[in-house]
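Working notes for the structure below.
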Amino acid sequence: MLKIIGCSIVFVGSALVGVFLALSKYERVNELRSFIQALNMLETEIRFALCTLPDAFIKIAALIEEKTSEVFSSAALKMQGTRTNAFLAWNNSLEERKALFSINGEDFSILKSLGGSLGEADVENQVKSIRLVVECLKNQEIKAEEERAKSGKLLKSMGVLVGLTLVIILY
Amino acid sequence: MINIDTSTLDVLDKEILPMLPERMCFYFQLLPENLKEQIHEIRLRAGQILSVCMSDGEYSISELISNLSEVNKVSQEDIQEILGVMSQNSLYAFCEEIRGGFITLKGGHRVGIVGKAVCDSNKIQSLKHFSGLNIRISRQIINSADAIIEYIFEKEAFLNTLIVSPPRCGKTTILRDLVRQLSNGIPPMGIRGQTVGVIDERSEIAACYKGVPQNYIGIRTDVLDNCPKVEGIMMLLRTMGPKIIATDEIGSIEDADAIMTALYSGVNVAVTAHGGGLEDILYKPGLRKLIKTRAFNRIIILSGRKGPGTIEAVYEGSNMKRLDIEAKDSFDSQLPDFSRRSIYSRRMTQGRVLV
């Protein structure tokens, strides 16, 4: 009896690990999309409304998915009323929440590269640098989507199979 | 937030120093309070020591604090950083203002900027490589217009007024307070408040921050911020139905035409102009035209002789008689000393300028 319970725990655990790994691939696509959406909004706010960065960040944070929105609201808070510059505010906000995201190191460094160009002296340059980051993120999104389609299913079935194998070996 | 009669100390500590790097704030902590009170402007120049302007001139911080062992020079990075903080890391949002050479801070303080101008067909596109800042501490002085109020009403009716003074002698401060009083009404004189339209081309009168006036300019005042005067006057006339239009620093023929349009539309004006006296303003084509056509009922000349806002002369616009002294003095006998201004004097005596 105990053996059966043990085996089923191992099986279910392993299957769940597979599912979670697959989910994280799915999450990465979602997160990338959310950042792309946010940066597109930022571009609009800068180009047409000439919003200051903190104002634009707060507006965006109210409109997007929670995890991403926290990065924007925290960066806005950091910039308001302190001497923290945009680069530090953005990078620190990203760094603080790195663990919560499923996006990989490459995605992260693209997002961070935005920090260096925030607060440029003219609208055109500012918009250009945001677009560049959006383009890079879009490429990452395509890659992430492919990876999800390829390995998502694989990971799920791997989880189940590894679970089964362990059960067979242990039983 | 509206700053009414706040002391320079408060303004400096709450609104200006948070924008500066800590080591610069440190200098201000060392300054005695009576000196801090007198600061009009803070000047930062790349490669130079920080300096401050008081009413009697500009002093470097090392002159003011004797026991300072070493004073660091302001670097270009400092200036870039300060501008970053002032613009909330969003210089792009201020590109229009930077093109005009200044940005306005919350609280209405104007920061003049110099650097390398980027030009395209003789027009400034923007500034880059910022190398100097001039932070002008703005302080609204409520009731500063009281001294001129007695001259500019005739039986409760406001008279078209031109205020003339050299820079930093209080013309904008007085105009701002005049706008406030006209807009709120002056109950002791039985004058009701009227709709006032302000065209604030340099964000100095109302000192708008994100469009909202930071100075107290009255309850019946509409402000067009950062708007060119000529278009602004037309816009206000068409849409806001002002009784009085107020604007700062007029001078060109276009300004004069716009003001004439306002006058012909039955609107009164309260305007200011840069100048040391009557002869200076007559040298400006727009003002000469306005004065010749007797557009103004009152011309008030200010100076900084006994502190900012000293009234030097008040003229009746139609016959150029002085009102502030005995009426026997006509305009002719009051013509300023032309000997030190040879160019003007020649033009004036040729009769081309005389009103």
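Protein chains in written order, with our numbering: chain A, 943 to 1113; chain B, -4 to 350. All residues carry an ideal CB built from backbone N, CA and C; glycine is no exception.
Is residue i helix, strand or coil when you go by DSSP?
| i | result |
| --- | --- |
| A/Leu992 | coil |
| B/Ile(-3) | Model confidence at B/Ile(-3) stands at a pLDDT of 43, short of 50, so the residue's coordinates are unreliable; what they give is reported in the following sentence. In the structure shown, B/Ile(-3) sits in coil (DSSP, three-state: anything other than H, G, I, E or B). |
| B/Met315 | coil |
| A/Tyr968 | helix |
| A/Ser1093 | helix |
| B/Glu53 | strand |
| B/Asn263 | strand |
| B/Ala268 | strand |
| B/Leu154 | coil |
| B/Gln24 | helix |
| B/Thr190 | coil |
| B/Asp324 | Because B/Asp324 sits at a pLDDT of 39, beneath the cut-off of 50, its placement in the model cannot be relied upon, and the following sentence gives the value as read from the coordinates. Three-state result, B/Asp324: coil. |
| B/Val80 | helix |
| A/Leu1060 | coil |
| B/Asp243 | coil |
| B/Pro208 | strand |
| B/Thr3 | helix |
| A/Arg1025 | coil |
Just the C-alpha distance for residue i and residue j, rounded to the nearest angstrom, thanks.
| i | j | result |
| --- | --- | --- |
| B/Lys238 | B/Ser116 | 40 Å |
| B/Lys301 | B/Arg134 | 19 Å |
| B/Leu7 | B/Ser82 | 18 Å |
| A/Glu969 | B/Gly213 | 55 Å |
| A/Asn1027 | B/His124 | 18 Å |
| A/Leu1056 | A/Thr986 | 16 Å |
| B/Ile37 | B/Asn314 | 43 Å |
| B/Ile132 | A/Ser1059 | 31 Å |
| B/Ala41 | B/Gly79 | 16 Å |
| B/Glu244 | B/Lys279 | 11 Å |
| B/Arg171 | B/Glu72 | 36 Å |
| A/Ala980 | A/Arg989 | 14 Å |
| B/Val264 | B/Ser50 | 30 Å |
| B/Asp217 | B/Leu128 | 30 Å |
| A/Phe962 | B/Val66 | 60 Å |
| B/Leu30 | A/Asn982 | 50 Å |
| A/Ile1052 | A/Phe977 | 11 Å |
| A/Asn972 | B/Leu173 | 58 Å |
| B/Glu321 | B/Glu145 | With a pLDDT of 45 at B/Glu321, under the threshold of 50, the modelled position of that residue is not reliable, and no figure is offered here. |
| B/Ser55 | B/Ile143 | 36 Å |
| B/Pro13 | B/His104 | 13 Å |
| B/Ala290 | B/Asn155 | 7 Å |
| A/Leu1106 | A/Leu1096 | 15 Å |
| B/Arg182 | B/Gly188 | It is Pro, not Arg, that sits at residue 182 of chain B in the sequence shown. C-alpha separation (whole angstroms): 9 Å. |
Return yes when the Cβ of residue j is within less than 7 Å of the Cβ of residue i, no when it is not.
| i | j | result |
| --- | --- | --- |
| B/Ile158 | B/Lys150 | no |
| B/Val225 | B/Ile240 | no |
| A/Leu984 | A/Ile1072 | yes |
| B/Ser126 | B/Arg94 | no |
| B/Glu311 | B/Leu318 | yes |
| B/Val191 | B/Ser178 | yes |
| B/Arg293 | B/Ile147 | yes |
| B/Ile74 | B/Ser57 | no |
| A/Ser1011 | A/Ser1035 | no |
| A/Val1102 | A/Ala964 | no |
| B/Val266 | B/Thr305 | no |
| A/Val952 | A/Val1104 | no |
| B/Gly271 | B/Pro161 | yes |
| A/Leu1079 | A/Leu974 | yes |
Can you say whether residue i is buried or exposed, counting buried as having 16 or more other CB atoms within 10 angstroms of its CB?
| i | result |
| --- | --- |
| B/Ser70 | exposed |
| B/Pro27 | exposed |
| B/Lys68 | exposed |
| B/Ser325 | Per-residue confidence for B/Ser325 stands at a pLDDT of 36, beneath the threshold of 50, marking its modelled position as unreliable; the derived number appears in the next sentence. B/Ser325 comes out exposed. |
| A/Ser1099 | exposed |
| A/Leu944 | exposed |
| A/Lys1040 | exposed |
| B/Asn(-2) | Residue confidence is low: B/Asn(-2) scores 44 on pLDDT, short of 50, so the model does not pin down where it sits. Its coordinate-derived value is still stated next. So B/Asn(-2) counts as buried. |
| B/Asp5 | exposed |
| B/Arg18 | exposed |
| B/Lys21 | In the sequence as presented, Lys is not what sits at residue 21 of chain B; that position holds Phe. Result: exposed. |
| A/Ala1004 | exposed |
| A/Gln1082 | buried |
| B/Ile254 | buried |
| B/Glu92 | buried |
Assuming residue i and residue j form a contact by the criterion Cβ under 8 Å, report the distance between their Cβ atoms to the nearest whole angstrom.
| i | j | result |
| --- | --- | --- |
| A/Lys967 | A/Ser1093 | 6 Å |
| B/Gly102 | B/Glu196 | Actually they do not touch by this definition, with Cβ atoms about 19 Å apart. |
| B/Leu273 | B/Ile296 | 7 Å |
| A/Glu1062 | A/Gln1068 | 4 Å |
| A/Phe1014 | A/Phe999 | 4 Å |
| B/Leu15 | B/Ile98 | The pair is not a contact, with the Cβ atoms about 15 Å apart (cut-off 8 Å). |
| B/Glu32 | B/Ser61 | That belief does not hold up - the Cβ atoms of B/Glu32 and B/Ser61 are roughly 19 Å apart, past 8 Å. |
Beta carbon of residue i: closer than 6 Å to some heavy atom of the ligand ZN?
| i | result |
| --- | --- |
| A/Leu995 | No copy of the ligand ZN appears in this structure; indeed no ligand is present at all. |
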